[in-house]
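Below: the structure, in structure tokens.
Number of protein chains: 2
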Amino acid sequence: MADNAGWTAAAATDPQLACPTSGVVDIVFSRWTTPILWTLNTHGRLRFVELERLIGTITPKVLTQRLRQLERDGMVVRTYHPEVPPRVEYEISELGRSLAPLFAHLAEWAAANLDKVEQARHDYDTDTPR
Amino acid sequence: MADNAGWTAAAATDPQLACPTSGVVDIVFSRWTTPILWTLNTHGRLRFVELERLIGTITPKVLTQRLRQLERDGMVVRTYHPEVPPRVEYEISELGRSLAPLFAHLAEWAAANLDKVEQARHDYDTDTPR
DNA sequence: TATAGTAGGTACCTAGAGGAAAGCGACTAT
DNA sequence: ATAGTCGCTTTCCTCTAGGTACCTACTATA
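Chains A and B, in that order, give the protein sequences. Number 44 in my numbering belongs to position 31 of the first sequence; there are no gaps in the numbering. Number 29 in my numbering belongs to position 16 of the second sequence; there are no gaps in the numbering.
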């Protein structure tokens, strides 16, 4: 798979999924998963409301859904304390933490190139006779 | 930005967007953009129908939409030849090609860890009293 | 008494993404 | 005369992610 600089020729062999990274993208980059993983990694172990407040705009329903999915995928570990009031803690797993260099790479690319994207958008919007 | 192992503390300062990579994710990892970029990079310059056939499951309407978006973001270069029948060619831009190591990193992580995700899902589904 | 906090679950609703299918304009090949 | 090619565009339809609002049981606090 990683036999060359990254872009393999596997796309030619699989017409259905022309991109060998699509499986990862669904797991890691579906909506809300990156902010959740990022927050859990920067702040360590967090309770539900803490996570909710740090992310700021997510609704509890969606947060629950995404946390369940991330737990099922082994990216997040959930610890339930049967107290009153109930206490639940979430932390990033070893598998989730292994994404750190990837996210670093992504943030690096963003810092270096996001303004180029902005520039390209501006050029497109002004030059193209919409 | 890249002052530590990758996960910066920027999340704490921005409650609205708790993840500094969210901007990139919308550009690079929104639906269909990864297969398109991947195919354009592996096959070089391609015509509309060629792209359509290589991806296989995308509809022309969606392909047009994504190509316009990628063109506006400066990731793809579109060349129109006013012939009959019309001929249009798409190729990946320099900016788009700069994503190659990132995609390589992603494919590498996938090759190393996708089976762990599968295992975690299986464990979750069998252990959890759904 | 009543309110707040905790970790969600549930029912309902809407907006938007995406799929299916047809068309179009200008020409060519059969 | 008919069908086909190319790169879309348009219309219609469906599906679902996500938002809003309200609910639980139990306790501590005012």
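Cβ atoms here follow ideal geometry from the backbone N, Cα and C, with glycine treated the same way. Note that the structure is predicted; figures quoted are calculated from it, not measured.
- By the neighbour-count criterion, in which 16 or more other beta carbons inside 10 Å mark a residue as buried, D86/B falls on the buried side.
- Inter-residue distance for A123/B and H94/B is about 39 angstroms (C-alpha atoms, whole angstroms).
- With fewer than 16 other Cβ atoms inside 10 Å of its own Cβ, V97/A counts as exposed.
- Per the coordinates, the alpha-carbon of L50/B lies some 23 angstroms from the alpha-carbon of P99/B.
- Here T47/A is near T34/B, since their CB atoms are less than 7 angstroms apart.
- Shown here, I105/A sits in a strand according to DSSP, grouped into three states.
- By the Cβ rule, the segment 50 to 65 of chain A counts as touching the segment 101 to 112 of chain A, because three or more pairs are nearer than 8 angstroms.
- Not one beta carbon of chain A lies nearer than 7 angstroms to the beta carbon of W45/B.
- Rounded to the nearest whole angstrom, the C-alpha separation of M88/B and A120/B is 20 angstroms.
- At a cut-off of 7 angstroms between beta-carbon atoms, H135/A makes no contact with chain B.
- Counting the other Cβ atoms within 10 Å of the Cβ of A125/B gives fewer than 16, which makes it exposed.
- Annotation for R66/A: the continuous alpha helix (DSSP H) segment containing it runs 61 to 68.
- The C-beta distance from R60/A to E104/A rounds to 11 angstroms, too long to fall under 8 angstroms, and the pair is not in contact.
- The three-state reading of DSSP puts T72/A in coil, since its state is none of H, G, I, E or B.
- In this structure, I40/B and V130/A form a Cβ contact; the two beta carbons are roughly 6 angstroms apart against a cut-off of 8 angstroms.
- Using a CB distance cut-off of 7 angstroms, L115/B counts as an interface residue toward chain A.
- In the three-state reduction of the DSSP assignment, V37/A falls in the helix class, which pools H, G and I.
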